[in-house]
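See structure below.
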Amino acid sequence: MPEPGKKPVSAFSKKPRSMEVAAGSPAVFEAETERTGVKVRWQRGGSDISASDKFGLAAEGTRHTLTVRDVGPADQGSYAVIAGSSKVKFDLKVTEAEKPEPKPEPVPVPAPAEAPGLPGEAPASATEVEGGSPSPEGSSSAAANGPGAPDDPIGLFVTRPQDGEVTVGGSITFSARVAGASLLKPPTVKWFKGKWVDLSSKAGQHLQLHDSYDRASKIYLFELHITDAQATLAGGYRCEVSTKDKFDSCNFNLTVHEAIGPGDLDLRSAFRRTSLAGGARRTSDSNEDAGILDFSSLLKKSSSFRTPRDSKLEAPAEEDVWEILRQAPPSEYERIAFQHGVTDLRGMLKRLKGMKRDEKKSTAFQKKLQPAYQVSKGHKIRLTVELADPDAEVKWLKNGQEIQMSGSKYIFESNGTKRTLTISQCSLADDAAYQCVVGGEKCSTELFVKEPPVLITRPLEDQLVMVGQRVEFECEVSEEGAQVKWLKDGVELTREETFKYRFKKDGRKHHLIINEATLEDAGHYALRTSGGQALAELIVQEKKLEVYQSIADLTVGAKDQAVFKCEVSDENVRGVWLKNGKELVPDSRIKVSHIGRVHKLTIDDVTPADEADYSFVPEGFACNLSAKLHFMEVKIDFVPRQEPPKIHLDCPGRKTDTIVVVAGNKLRLDVPISGDPAPTVIWQKAATSGKEVPAGPAPDAPGDAGASDEWVFDKKLLCETEGRVRVETTKDRSILTVEGAEKEDEGVYTVTVKNPVGEDQVNLTVKVIDVPDAPAAPKISNVGEDSCTVQWEPPAYDGGQPVLGYILERKKKKSYRWMRLNFDLLRDLSHEARRMIEGVVYEMRVYAVNAIGMSRPSPASQPFMPVGPPSEPTHLVVEDISDTTVSLKWRPPEREGAGGLDGYSVEYCQEGGSEWVAALQGLTERTSLLVKDLPTGARLLFRVRAHNVAGPGAPATTKEPVTVQEILQRPRLQLPRHLRQTIQRRVGEPVNLLIPFQGKPRPQVTWTKDGQPLAAQEVNTRNSPTDTILFIRAARRAHSGTYQVTLRIESMEDKATLLLQVVDKPSPPLDLQVTEAWGFNVALEWKPPQDDGNTEICGYTVQKADKKTMEWFTVLEHYRRTHCVVSELIIGNSYYFRVFSHNMVGPSDKAAITKEPVVIPKTGTTYEPPIYKALDFTEAPSFTRPLVNRSVVAGYNAVLCCAVRGSPQPKISWFKNGLDLRGDARFRMFSKQGVLTLEIRKPCPFDGGVYVCKAINLQGEARCECRVEVRVPQ
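Per the numbering used here, the sequence shown starts with residue 70, numbered consecutively.
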C-alpha cells in the first residue's frame, strides 16, 4: 500500500449519521471534508447517486449535502459517501406516517391504460416497472418494499416477488430479497415460467436476470427484468431459492394489458375484468432473435382468438370458456384459467376431462409425444410414440425437414408398436420443433436444450491502484469459450465501450483491462456467468508525488557556480524551471539536466542579474519547489567600526519556544546577528553525553575577511558543502539548514557569535516529530470458521505525538494486494476480523496513526487459516504392550477442517491423576505411536488430540487404564500356504522367503539346512519382531535341500520345514543313433540325458537338416519317447538329425547330433524279388521309458510306471530297498503291452525309499530304479 504522506487518515471532519424518517418527509444527510475541492460521491447499494427529482446534491466549500425528497419505503436501505480513499456508511430507516381516517369518495373512472395502477393506490407488489414514457402506453411501477410486500419471518425470503401488471411494449422488474446473515455461501435462485420452463436458459435481450449483495444489510437481491413485454408473457411465474439445507419458493402472476390507441378508447372498459383488457389476444412472431423469450413457440400453437370490438363502443360478447379449453392444448390451460378468473384449477380439469371422453381418438397414434421436452447440453433424449398399426411407416421431421440416418447422432428404434427417436450428444443446434408423421396424421413437440451453468473456478481479486496505472482483472471459469458479462456497479459494460475497456479471452480465463485508470473507474466490478458471478472492488487513488530532496537557498559570489538540485519519487516526471515566475530557457551558461529522479539546474559564472527566486514545477502535479539565489558582493570598509556582537531573537527573556519540525522536512534556523567587525558564528549541538564541543575554524570559509563560520554536529566537524547540514552566514544573519530532518537532529542547538569586542550566545531547542514506528507483527488468536482475533502492541516510538488509532489490513497469502478492514481508526489494541472464507490462508498487518500520518506497515502476521478445530480421533486402540512401551493406533477424525491436519499429540497420565504428560515433543503425522520409557507395572490412561491451524481438537481417551507389563505369548510360525509345497526356483533367480510369526517376548529364530547351520556367505537371513526372511541373491543347484526354521522362547518352541528345489536346463540326450532307414523313413533312438536339471524331463524336440543347406527344421515337438520315426524324406538327399531335451526350465543348450549323414537311396527301375531271411526276433530286455523320482502324499495311492521291451517276454520283479515286493499285499503289479505299473496303496512315510524294477529273459536282463518320497500333509 502506498504511503499516504502527510494527509489525515480520514478525509471527513464531519460524517453523516444514520437517521429514521417518517414516510413522505425529506431526509437530509450532511458531510464535511477536511479541505475544499475534494470530489465527493454519494452511493446507494453500491451504485452512484446522481441529481434527480428524487435526490438533491449540494456542495458549498467543505460542506456536502444529500437530500432525499418525499421519502418512501423504497428509499430505505444503506447509503455511503466517498471522498478519496475514505468511505463512510450510514442507513436510512423509513417509518409509516400517521394516516388520517379515510373519507368515502366516489370511485373515479380511469382510462384503460391506467387500469393496472389506479391513482392513489398503494403499491402492492415487489416489482419495479419501467414505463419508458408518460404516454398511455407507459407502464405502472410498484415499490419493492411497499406495504404489500412484508418481510417473510419464516422462509428464506425477506421480500417475495408480488403480482405485476404491464402494458404491451413496456418493462417490468420482479424483485426477491434473501437474508444472507446466516448463510455461509450465496443461495441458488431459479426463475420459472409456468411449472417447468427454466428462464435462465432463455435469458437474452428482452429477459435478464440480475443479482447483487449489500454488505451493510447482508441481503441478497435477485431481479427478473422483462423489457418489451408481449401478451404471450402473461401467466404464472415461480421463484425458487435453495441453500445447503433449506428451500423456499414463491408464485406470482404477470398480467399483460393490450395497448389501446386514442381511436379505441372505451370508457366502459374500466368496469370490465382487467384480465380481459389484453389477455385474450395472442401474438406470435417467428422472426424474433434468439435472445427473445417467445413462449408461443414453446407451447403448441392453437387458433388465435380475438375479442371482437364494436366500433360503436359496445360491450364485447360473452365467451364460452369451456369451448376455448376444449380446443386448446393442455399447456394453455393455466393461462386461459388465469385470464378468465378460474381459481379452482383442480375442479376445472376434472370437468374438462369428463367433457373430452366423447372426443374422437387418433386412428394412427395410441400415445403421442408430449408437448415439450427439456434436456441438458451433452446428454441424450428419447422421443417415443405408440402406434395403432405396428406395420405403419414412420417419418421424423425436424423443423419441417425429414431426419436422415447419419452416423450415431440419430438412432431410430422399432419395438412392436413403439417408435423411438434417440438424439445423442444434444447441442444448441438440436433445440427445435420435432414431428412424427404416420400416414396423414402427425404429432408435434418442442425440444429445449439447456446449457449447463458456467461456474467460476477462480474469482476476481480486489485492486488498489493510482491514477494512470494499468488495471487488469482476471477470472477463470469452468468452460472454454463461455459467454460472460462484465459489469461495473451493476451496469453491464458493452462492446461499444472498448475505447475505455478491453476484453480478452484466453481459454477459460477472462480479462478486463483498463489501460489508464481514472478516479471515475473506481467501483465494484463483476463477472457474471450463467452459474454465478465474481465480485471485486477497484480503488483508484490520486497520484501522489513525494519530494525526497527539495531545492535550497544558495549564496554565491561573482563568477562562482550555482547548482539547484531536487529529487522526487517518480523518475518519469518531467518539470519546468522558473525564474521569478517565468520559464527559464537553457543556454551556454544555464544548463538543465534530468537523470532518474534527480532534476538539476546549473548556472555558471554567476552575475548580479542571476539573483532571483528559482522554482521547479513538476508536470501534472500541483507542486512547486522554490529557493532563492543570493549574490554576495565583497565590500571593504576603510573606516573600521567596533560593535559588540549580538543575536536578535523575537522572544521575551531570550528563552525561545521549542522549535517543532516534521521528520523529512527541511529544518531552517534563521538567527539575525549584528556586530562590527563581522563576528565569527559557531553552531553547537549538545552531544549525547551532555557536553558541548566547540568546532574549530572551518577552512576556506566564505565571507568577509576575519569572519568564519564554524559548527559542531554530534561531535562531527562538517564542511559547509558536505552532507545535508550546512550553515550560511551573511553580515546580518546566520542560517543553519538541515535537509530532511531526522530524529537524531533533535536536541539543543547553541549559537555563539564572537568578535574582538565581545560575544553573545543563545540556545535553541529543536524537537523532531514523525509518524510512529511500525508496530510489531500482530498476533492471531481465537481462529474460527470465518473470524479471528487480531492483537498487537503499540509502536516502540510514537513519533513524538500520541497515537490516535490503528488501521488493520489483510490479504490472502498468495496475493499481493492488501485490503483495509476499517475506515475508522481502531482505538483498542485488538480487533475481531470477520467475513473470511474458510480454508483460505490469510495474513494480517497493522498501521499506527498519529497527527503526522500513518506509520510503515508492521511485519505480516503468521499465516493463518480460518477453520474450526478438528473433531476427536476415532478408533483409538492399544496395539501392543511391553514392560516399558505401549503401542497406540487410531484413525483420523471425521472432521479435519479445510486446511487439513498439522498432526497429532499423544499424552498419558496415571490412573486417578489429573496431570497429563506429553508422550513426544511436537506433533506426529502418523496415526500410530510407540510410547517408550514407561514405568513397568504402572496403570496409565492415554489420550490423542488432532491439531490444525485452529488449534487442538477434542481428545480421544482410552476407555480403560492400560497396565504396562509384557504379556507372554507362545511362539507360533504362520507358514504361508505356498511355502508348504516344494519351492521351485530356477538357477540364477533370487530366493526371498518371508515367514511371519507370533510370540512375546521377541522369540529367537534359528535356520538350518539338512540339519546343519546355514553358511552365511551363501544364504542370508533377516529377522524382525514379527517375521523372518530367508534370502539368496542368485540360486544355485547346491542350494537345493530341506530348510528348517525354529522359533524359541525359553522352553517353548515351534518349527517349520521348507523344501527348496533349484532347477536348471537339462543336458542333451545320450547316444543318438540311426537304427534303421527304409524308403522315405529313418528310425532314431537315443537315451535320456545324464543331467535332468533337477526336475522331470517333459519331452524332446527332433530336428532334421539337409546336408546341402544345413538348415534345421523341426520334425517333432514335445515328444516323450526315446525313439521315433522321421518320415517324408526326399529320396537321394542326405540328412543330419539332432535331438534337444526339455524340462520345465526350457530346452537344453546343446543337442545330440548324428555323426554321419543318412542317405535316402533311390530305388531301381527293375523289380527284384525280395530275399527273405529268417529273422531272429530275440532281444535282451531294455527299458524304453525308465522310472522317475516321485514325491507322493501320504494316504493317497501312488503309481510308478515304466516301459520295457524284449523277446522273449522278460520276467518282471519289483524291489524296495533290495526287498522283493511280490509277497506284500500293499503293492499291486501290472504288466500290459510292455507297460509296467507298480501301485502303492495308501503309502506312509515308511514306504519311502529306492524302488527297482528288473526285467530278465534268456538274452539278458535290465533294471531301472527311482527314489520315492512320501510327504505328510500339515
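The C-beta atom is built at its ideal place from N, Cα and C for all residues, glycine as well.
I'd like to know whether the C-beta atoms of residue i and residue j end up nearer to each other than 7 Å.
{"i": "residue 1359", "j": "residue 1130", "result": "What is shown of the chain runs 70 to 1343, which leaves residue 1359 out entirely."}
{"i": "residue 1168", "j": "residue 1132", "result": "no"}
{"i": "residue 113", "j": "residue 159", "result": "no"}
{"i": "residue 325", "j": "residue 317", "result": "no"}
{"i": "residue 491", "j": "residue 438", "result": "no"}
{"i": "residue 1411", "j": "residue 899", "result": "Residue 1411 lies beyond the range of the chain shown here (70 to 1343); nothing can be said about it."}
{"i": "residue 1140", "j": "residue 1156", "result": "yes"}
{"i": "residue 1339", "j": "residue 1261", "result": "yes"}
{"i": "residue 1280", "j": "residue 1215", "result": "no"}
{"i": "residue 644", "j": "residue 685", "result": "yes"}
{"i": "residue 1012", "j": "residue 1030", "result": "no"}
{"i": "residue 841", "j": "residue 902", "result": "no"}
{"i": "residue 679", "j": "residue 658", "result": "no"}
{"i": "residue 96", "j": "residue 140", "result": "yes"}
{"i": "residue 144", "j": "residue 150", "result": "no"}
{"i": "residue 1082", "j": "residue 1035", "result": "no"}
{"i": "residue 1048", "j": "residue 1066", "result": "no"}
Counting C-beta neighbours from all protein chains within 10 Å, is the total for residue i 16 or more, i.e. buried, or is it exposed?
{"i": "residue 1147", "result": "exposed"}
{"i": "residue 913", "result": "buried"}
{"i": "residue 635", "result": "buried"}
{"i": "residue 999", "result": "exposed"}
{"i": "residue 321", "result": "buried"}
{"i": "residue 275", "result": "buried"}
{"i": "residue 1236", "result": "exposed"}
{"i": "residue 716", "result": "buried"}
{"i": "residue 243", "result": "buried"}
Work out the CA separation of residue j and residue i for me, nearest whole Å.
{"i": "residue 1344", "j": "residue 1073", "result": "Outside the modelled stretch of the chain, which goes from 70 to 1343, sits residue 1344, for which no answer is possible."}
{"i": "residue 754", "j": "residue 807", "result": "13 Å"}
{"i": "residue 855", "j": "residue 887", "result": "18 Å"}
{"i": "residue 34", "j": "residue 651", "result": "Here the chain comprises residues numbered 70 to 1343, so residue 34 is not present and cannot be evaluated."}
{"i": "residue 469", "j": "residue 399", "result": "23 Å"}
{"i": "residue 584", "j": "residue 569", "result": "8 Å"}
{"i": "residue 853", "j": "residue 965", "result": "13 Å"}
{"i": "residue 517", "j": "residue 323", "result": "23 Å"}
{"i": "residue 418", "j": "residue 396", "result": "14 Å"}
{"i": "residue 1251", "j": "residue 1331", "result": "6 Å"}
{"i": "residue 250", "j": "residue 1017", "result": "27 Å"}
{"i": "residue 1384", "j": "residue 263", "result": "Nothing can be reported for residue 1384, as the shown portion of the chain is limited to 70 through 1343."}
{"i": "residue 881", "j": "residue 812", "result": "35 Å"}
{"i": "residue 1247", "j": "residue 1324", "result": "14 Å"}
Thinking just about the alpha-carbon of each residue, which of the options is nearest to the one in residue i?
{"i": "residue 934", "options": "106, 850 and 894", "result": "850"}
{"i": "residue 237", "options": "266, 261, 283 and 300", "result": "300"}
{"i": "residue 572", "options": "554, 586, 559 and 588", "result": "554"}
{"i": "residue 1026", "options": "421, 910, 976 and 1007", "result": "976"}
{"i": "residue 234", "options": "279, 306 and 865", "result": "306"}
{"i": "residue 1002", "options": "1254, 1160 and 953", "result": "953"}
{"i": "residue 247", "options": "910, 288 and 263", "result": "288"}
{"i": "residue 655", "options": "538, 612 and 671", "result": "671"}
{"i": "residue 1294", "options": "1308, 1286, 442 and 1281", "result": "1308"}
{"i": "residue 595", "options": "123, 542, 1323 and 229", "result": "542"}
{"i": "residue 1318", "options": "1258, 1183, 1328 and 295", "result": "1258"}
- Message: Does the structure place the region 90 to 104 close enough to the region 131 to 151 that three or more beta carbon pairs sit under 8 Å?
- Response: With the cut-off at 8 Å, the region 131 to 151 and the region 90 to 104 touch.
- Three or more C-beta pairs below 8 Å linking the region 1098 to 1113 and the region 1178 to 1191: no
- Query: How about the region 444 to 455 and the region 480 to 497: do they share at least three Cβ pairs that are nearer than 8 Å?
  - Reply: yes
- Query: Is there contact here, the region 604 to 612 with the region 620 to 629, by at least three beta-carbon pairs under 8 Å?
  - Reply: These segments do not touch.
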